[in-house]
Amino acid sequence: MLDFAFASCQEVCAELGQRLKRQRLAQALTQKDLAERAGVAPGTVKNLEGKGVSSLESTIRIVMALGLVDELAQLFELKAAQSIAQMERAQLAERKRAPSRAKLAGKP
Numbered sequence: 001m002l003d004f005a006f007a008s009c010q011e012v013c014a015e016l017g018q019r020l021k022r023q024r025l026a027q028a029l030t031q032k033d034l035a036e037r038a039g040v041a042p043g044t045v046k047n048l049e050g051k052g053v054s055s056l057e058s059t060i061r062i063v064m065a066l067g068l069v070d071e072l073a074q075l076f077e078l079k080a081a082q083s084i085a086q087m088e089r090a091q092l093a094e095r096k097r098a099p100s101r102a103k104l105a106g107k108p
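Each residue of the sequence shown is one higher than the last, beginning at 1 in full-length UniProt numbering.
Structure below.
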């Protein structure tokens, strides 16, 4: 099992492609069948599974076609803060707008 914390970007992409391939095979789908379900080219499925290369939109289409959309639900969610400093950073991350240039320059 790949440790994502120590893996390169290419290794993570390749691992995710292989996981999706295993899901496809478990569902007894060919690459062509999956591509048709997902609305992508067969080469897109081949590249994702073989090289881990795909656009985000194509990857999500493939994930949805495999019935794995629930796996995306908690992806990149902001985790609960553990310390006061983490809580302050989380509050800053929830801001809707960036501060104005005047505020950044210290002007009232």
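The C-beta atom is built at its ideal place from N, Cα and C for all residues, glycine as well.
Please name the residue, chosen from the options, that lies closest to residue i on a Cα-to-Cα basis.
| i | options | result |
| --- | --- | --- |
| residue 38 | 56, 91 and 63 | 63 |
| residue 82 | 75, 76 and 90 | 90 |
| residue 16 | 28, 3 and 27 | 3 |
| residue 44 | 61, 85 and 101 | 61 |
| residue 26 | 68, 58, 42 and 5 | 68 |
DSSP three-state call for residue i: helix, strand or coil?
| i | result |
| --- | --- |
| residue 66 | coil |
| residue 53 | coil |
| residue 79 | coil |
| residue 8 | coil |
| residue 87 | helix |
| residue 44 | helix |
| residue 3 | coil |
| residue 59 | helix |
| residue 14 | helix |
| residue 27 | coil |
| residue 35 | helix |
| residue 73 | coil |
If contacts are defined as beta-carbon pairs under 8 angstroms, then residue i and residue j qualify, I think. What distance do you get, rounded to the angstrom?
| i | j | result |
| --- | --- | --- |
| residue 24 | residue 56 | Not quite, the Cβ-Cβ distance comes to about 19 angstroms (not below 8 angstroms), so this is no contact. |
| residue 13 | residue 40 | Their Cβ separation, rounded to whole angstroms, is 16 angstroms, which puts residue 13 and residue 40 out of contact at 8 angstroms. |
| residue 78 | residue 93 | 6 angstroms |
Worksheet entry | Inter-stretch contact (C-beta, 8 angstroms, three-pair minimum) for the stretch 14-32 and the stretch 44-51 | yes
Discussion item. For the structure I just gave you, are there three or more beta carbon pairs, one from the stretch 3-12 and one from the stretch 24-40, closer than 8 angstroms?
Written reply: no
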